[in-house]
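Some notes on the structure that comes next.
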Amino acid sequence: AQSSITMFGVVDAGISYYANENTAGVTASQKAVSNSGYNASRFGFRGTEDLGGGLAASFWLEAPITNDDGQGILMFSRRSTVSISGGFGEIRAGRDYTPTFRNDVVFDPFFTAGVGANMLYLANHGFGKWLAGTPATGSTYVRSGNSVGYFLPPNLGGFYGQVMYSFNEREKFDPGTATPATLHTQRTGRYLGGRAGYANGPLDVAASYSSAIIGDDFYAGTTTAVKTWNLGASYDFGVAKLMGEYSSAKKSVDSARPWVSAPDNGLKGYLMGVTVPIGPGLIRASYSQVKYDQNQPSGSNAAKNPQAGKFALGYVHNLSKRTALYAAVARLSNKHGAALSVAGPAFAQGQEALPKTSTGYDFGIRHAF
Amino acid sequence: AQSSITMFGVVDAGISYYANENTAGVTASQKAVSNSGYNASRFGFRGTEDLGGGLAASFWLEAPITNDDGQGILMFSRRSTVSISGGFGEIRAGRDYTPTFRNDVVFDPFFTAGVGANMLYLANHGFGKWLAGTPATGSTYVRSGNSVGYFLPPNLGGFYGQVMYSFNEREKFDPGTATPATLHTQRTGRYLGGRAGYANGPLDVAASYSSAIIGDDFYAGTTTAVKTWNLGASYDFGVAKLMGEYSSAKKSVDSARPWVSAPDNGLKGYLMGVTVPIGPGLIRASYSQVKYDQNQPSGSNAAKNPQAGKFALGYVHNLSKRTALYAAVARLSNKHGAALSVAGPAFAQGQEALPKTSTGYDFGIRHAF
Amino acid sequence: AQSSITMFGVVDAGISYYANENTAGVTASQKAVSNSGYNASRFGFRGTEDLGGGLAASFWLEAPITNDDGQGILMFSRRSTVSISGGFGEIRAGRDYTPTFRNDVVFDPFFTAGVGANMLYLANHGFGKWLAGTPATGSTYVRSGNSVGYFLPPNLGGFYGQVMYSFNEREKFDPGTATPATLHTQRTGRYLGGRAGYANGPLDVAASYSSAIIGDDFYAGTTTAVKTWNLGASYDFGVAKLMGEYSSAKKSVDSARPWVSAPDNGLKGYLMGVTVPIGPGLIRASYSQVKYDQNQPSGSNAAKNPQAGKFALGYVHNLSKRTALYAAVARLSNKHGAALSVAGPAFAQGQEALPKTSTGYDFGIRHAF
């Protein structure tokens with residue numbers, strides 16, 4: 005029961021450049037001192053207490069920091085959890101990463117950070133967002149608050165797994181015989197997901213699935229859910245580590261009235277990556293692509309579904325386990341109305357000025373403590 | 005003069021349910037992952053420096069945390085003080101608990117936390133609030149910033165005591181012979197209070213008094229003060245610890261013009277509690293009640309004064325000194341227009357839909373570090 | 005490569021009084037519990053990692069705290085940097101003090117804190133501010149985010165120096181042949197400055213220069229820059245330490261169209277200070293004065309340029325290296341329309357009510373940890 009608190013963090017700063025160009029050759033660009041180009045800048049506290057009998061209690065409080073400008077308001081929004089763990093595994097409550105997001109980060113050579121962040125991450129972020137009409141605009145794509153999670157114990161011969169359920173905490177209203185005076189949004193925000201995998205020697209493979217409710221309408225009787233599944237794997241050949249992922253997300257409107265039809269929306273994509281260790285350094289490269297399914301009518305006049313792809317290349321030079329210099333460059337291409345960018349300024353003009361290509365680089369230093 | 009900084013905190017998470025029902029049977033309910041069900045979640049730093057000659061300097065910086073959703077902005081608003089202490093006692097400056105609030109928390113088996121929080125706490129919070137017309141909406145019921153406090157030394161044979169004065173920091177304006185162009189609110193926010201008690205063996209008894217200015221009107225020449233006193237006691241019989249408190253608050257408008265009459269408002273209440281240790285566990289139970297005095301005219305047609313009561317029952321199972329599992333259930337009843345609830349959603353409708361009963365439970369884990 | 009994190013901070017609280025009086029004898033005053041009267045209250049983490057070969061990586065995260073009221077939102081806005089240092093000096097990135105500000109603080113007996121803060125600090129703060137029309141209202145007078153800095157190594161026989169460049173991070177827009185639809189503000193926020201000095205034995209002397217862009221107009225083709233230089237020195241005679249500084253800032257509008265004329269604006273001032281150690285105590289005194297150059301036409305009817313001066317006197321009583329009691333009093337006089345004050349309330353009325361004199365005192369305790 006003795007106290008052991010660990011302070012930890014990452015201070016990652018770099019010089020970044022972003023440029024977006026549309027089909028008319030109009031460009032918007034930005035040069036910046038950036039944070040989190042290699043690893044997300046953060047600051048936190050964690051600790052574990054041995055309760056005896058194989059049981060332990062632990063906590064984890066982690067805040068993002070914007071060390072480039074020092075203007076980020078501190079809150080433990082990266083992770084804030086309390087856990088009980090033992091031979092049965094771990095039960096964890098609070099705000100944490102979702103199981104479905106894990107594959108998008110662990111099988112990306114760029115960990116979804118900086119200009120090299122994979123397209124699955126860039127596209128799913130917006131795809132799983134709920135709208136401003138509901139009490140809070142948000143997304144449970146990366147993390148979810150108000151969650152309870154369960155993790156398998158680590159001694160299962162390489163098998164690992166977790167499930168997570170997040171309460172939407174919406175008000176539930178039973179009007180009795182009265183007509184409700186206001187719209188009650190009661191389901192948006194709920195997340196249910198799980199992930200299972202197997203890691204042994206050079207191999208790591210994992211699949212995950214989730215259903216996240218991102219909208220509902222009390223009067224129309226509809227619920228909008230994003231159902232996501234993905235499958236990722238990596239294999240370390242020693243001279244190089246290969247990794248890949250396939251991801252599919254579908255936005256569907258379930259209606260209590262069967263005659264109400266709302267078309268589904270889809271987002272599919274894949275990621276291929278490689279890392280090559282060279283002495284104290286690491287070369288990183290990836291290609292990732294996403295394609296939206298907007299239920300366009302088939303035929304020769306049909307609008308094409310938007311799609312986008314990105315190639316990223318980087319190098320990390322480790323000065324120590326905690327400190328590294330890094331550089332990365334990425335180029336993203338949009339087709340058929342996709343409007344993703346590596347980062348930086350958006351166009352102020354209308355639809356015709358969507359970025360056709362987006363290019364960027366980061367070079368900087370990551371110091372962990 | 006050597007440095008000793010202690011990091012400390014509480015991460016308390018649970019599953020909670022709240023349901024409010026009005027006289028027509030309309031209910032509004034909410035299920036949530038909650039924080040602070042047993043002890044308020046927090047995070048802080050404190051330290052003491054021995055200055056020699058019996059003197060010491062110390063600091064205390066403590067922030068609330070919302071570990072359920074990780075969205076709480078960090079600020080040292082629970083306590084932020086610097087002190088000089090010695091044989092004379094302690095002088096403390098900054099933001100701290102008010103003396104009057106101490107009795108409401110130390111004689112409550114539920115420490116004013118979670119659904120079991122006593123009614124004196126629930127009702128006084130709103131009663132002592134000042135209004136939006138003044139530069140800041142606030143209350144000095146629980147804590148006050150801009151305070152200077154004095155504490156008696158601990159070696160007085162069981163007697164203890166403290167006084168606190170909080171500056172309102174309002175602008176003072178001397179217009180000379182001119183007519184002031186704007187309304188100057190100059191007194192709201194001031195708090196003056198004290199507490200004295202005696203703790204010896206199984207007995208602890210304490211009384212407190214405060215006067216807090218919660219409103220004023222420059223032109224009308226009025227000052228609105230809430231004057232509070234309370235008396236609490238606990239006695240530990242070993243098999244059980246009994247505790248109780250009586251509290252009285254009066255809102256009065258003092259006018260510089262004697263012919264201006266503004267009726268006083270009152271809030272009286274009591275709390276009875278018991279805790280029963282059972283091995284590593286603790287049963288907790290309390291009943292508390294408040295009654296507002298709204299100066300209703302007497303007679304058979306008079307409106308009745310609002311009142312509300314709450315019964316709470318809980319159990320705490322200590323896994324260690326730092327980690328505990330807990331459960332609590334509470335039921336609150338309102339009468340004659342009182343509209344208090346254990347927590348959770350408010351009714352969206354009008355006056356007739358005030359909650360008649362409010363029910364809730366918490367079960368969770370408290371981990372201190 | 006072992007980890008060493010240092011927690012550090014200052015908790016400084018005092019009682020302060022401020023009174024501003026105009027020519028008609030109207031006064032506005034305030035009494036308050038204040039923070040940062042002697043040293044700015046703060047809270048932070050820093051650490052260094054030895055990378056071998058004379059290289060080191062380090063980080064510094066420091067947040068201001070408002071320990072008087074506990075309401076300040078925590079963010080690492082005082083300093084948030086990551087550095088690589090070695091025989092070549094130090095390269096530092098993030099948010100940090102500007103080189104030009106250093107002289108204003110190190111040659112001020114009051115470190116720009118409390119009522120005694122020198123006039124160069126009070127006046128330059130407003131002079132270097134950019135306006136609300138640009139994406140952010142701000143100033144790079146004291147600190148700048150998004151900066152990269154270089155510091156000379158410490159072993160140069162007493163010579164020291166640094167340069168800093170801050171990215172404005174504005175969007176750069178290349179419209180091609182199209183007419184831009186919106187105003188693009190592209191330069192405001194950039195800072196470039198440097199400082200060089202010599203410290204040996206009792207002598208310390210340093211000069212600094214900077215150019216900070218505080219405004220621009222895309223259509224008019226103008227850029228508004230504040231160019232600042234200052235020279236400060238101190239000499240420690242043992243019985244007393246004398247210090248002084250001269251500072252000059254000029255706001256100039258550079259236009260791409262030579263026929264557009266915008267008059268320059270100036271701010272010049274000086275500071276003289278002395279500290280006298282007396283046992284465990286320190287007497288501090290300073291006189292500082294600023295004069296604005298508003299390009300008034302010459303002649304007998306010309307409006308006079310505003311100017312203001314301040315005399316400050318204080319005493320610090322060190323209880324230990326970390327803990328001190330302090331007192332300070334200051335009186336500021338405005339002439340010809342200057343409207344500076346030691347702190348506290350502004351007048352609500354119009355131009356004629358500008359403060360003619362401003363008086364204040366602080367007494368409190370500074371505890372560092």
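Protein chains in written order, with my numbering: chain W, 5 to 373; chain R, 5 to 373; chain Z, 5 to 373. Note that CB positions come from ideal geometry on N, CA and C, so glycine has one too.
Using a 10 angstroms sphere on the CB of A61/W, the tally of other CB atoms reaches 16 or more, which defines it as buried. Shown in chain order are the members of the region 25 to 42 of chain R whose Cβ falls below 7 Å from a Cβ of chain W: A28, G29, V30, T31, A32, S33, Q34, K35, A36, V37. For S81/W, the nearest beta carbon of chain Z is not closer than 7 Å to its own beta carbon.
Relative to L135/W, the option among V37/W, D221/W, P310/W whose CA is nearest is D221/W. The Cβ neighbour count for K339/R, taken over all protein chains shown within 10 Å, is under 16; the residue is labelled exposed.
Taking 7 Å as the cut-off, the Cβ atoms of S33/W and D366/W do not count as close.
Our two residues, N322/R and Q298/R, have alpha carbons roughly 44 Å apart in a direct line. Residues of chain Z whose Cβ lies closer than 7 Å to the Cβ of P349/R do not exist; the shortest such Cβ separation is about 28 Å.
The beta carbon of I282/Z sits closer than 6 Å to none of the beta carbons in its chain outside the five residues before and after it. H340/R is outside the set of residues whose beta carbon lies under 7 Å from a beta carbon in chain W. At a cut-off of 7 Å between beta-carbon atoms, N159/R makes no contact with chain Z. Under the 7 Å criterion on CB atoms, G18/R is classed as non-interfacial with respect to chain Z.
Minimum Cα-Cα distance from S148/Z among the listed residues G197/Z, F177/Z, M123/Z corresponds to G197/Z. Chain-order list of chain Z residues neighbouring G74/W: L65, E66, A67, M79, F80, S81, R82, R83, S84, T85, G98, R99, D100, R147, G149, by C-beta distance under 9 Å. Sequence-distant Cβ neighbours of T27/W in its own chain, meaning closer than 6 Å and more than five residues away, are K360.
By the rule that beta-carbons nearer than 7 Å mark a contact, A44/Z does not touch chain W. In terms of Cβ geometry, A127/W and A44/W do not form a close pair [threshold 7 Å].
For L286/R, the uninterrupted beta strand (DSSP E) segment begins and ends at 285 to 297. By the 16-neighbour rule on beta-carbons within 10 angstroms, N122/R is buried.
According to DSSP, E249/Z shares a beta bridge with G236/Z, L275/Z. Contact between L59/Z and G90/Z holds: CB atoms are separated by about 4 Å, below the 8 Å threshold.
Residue pairing for M123/Z: DSSP places it in no beta bridge. One alpha carbon belongs to S170/R, the other to N39/Z, and they sit about 14 Å apart. The beta carbon of R83/R sits closer than 8 Å to the beta carbons of G48, W64, L65, E66, G98, R99, D100, Y101, R147 from its chain, once the five residues preceding and following it are set aside; these are given in chain order. The continuous alpha helix (DSSP H) containing D108/R extends over residues 103 to 110.
Under the three-pair Cβ rule at 8 Å, the region 66 to 78 of chain W does not count as touching the region 160 to 179 of chain W.
Around D366/Z, no beta-carbon contact reaches into chain W at under 7 Å, the shortest distance being about 27 Å.
When F105/Z, F111/Z, A347/Z, Q166/Z are compared, the shortest CA-CA separation from S143/Z is found for F105/Z. Spanning the alpha carbons of K231/W and D178/W requires a straight line of approximately 29 Å.
Annotated three-state conformation of G341/R is coil, per DSSP. Residues of the region 318 to 331 of chain Z with a C-beta less than 9 Å from any C-beta of chain R: L323, S324, K325, R326, T327, L329, listed in chain order.
Counting along the chain, the unbroken beta strand (DSSP E) around S212/Z starts and ends at 207 to 221. At a cut-off of 7 Å between C-beta atoms, I282/Z does not count as an interface residue with respect to chain W. When the Cα atoms are used, A237/W and P158/W turn out to be separated by approximately 19 Å.
I9/W reaches chain R at M11, F373, counting residues in chain order whose Cβ is nearer than 8 Å. The C-alpha of A203/R is placed about 38 Å away from the C-alpha of G41/Z.
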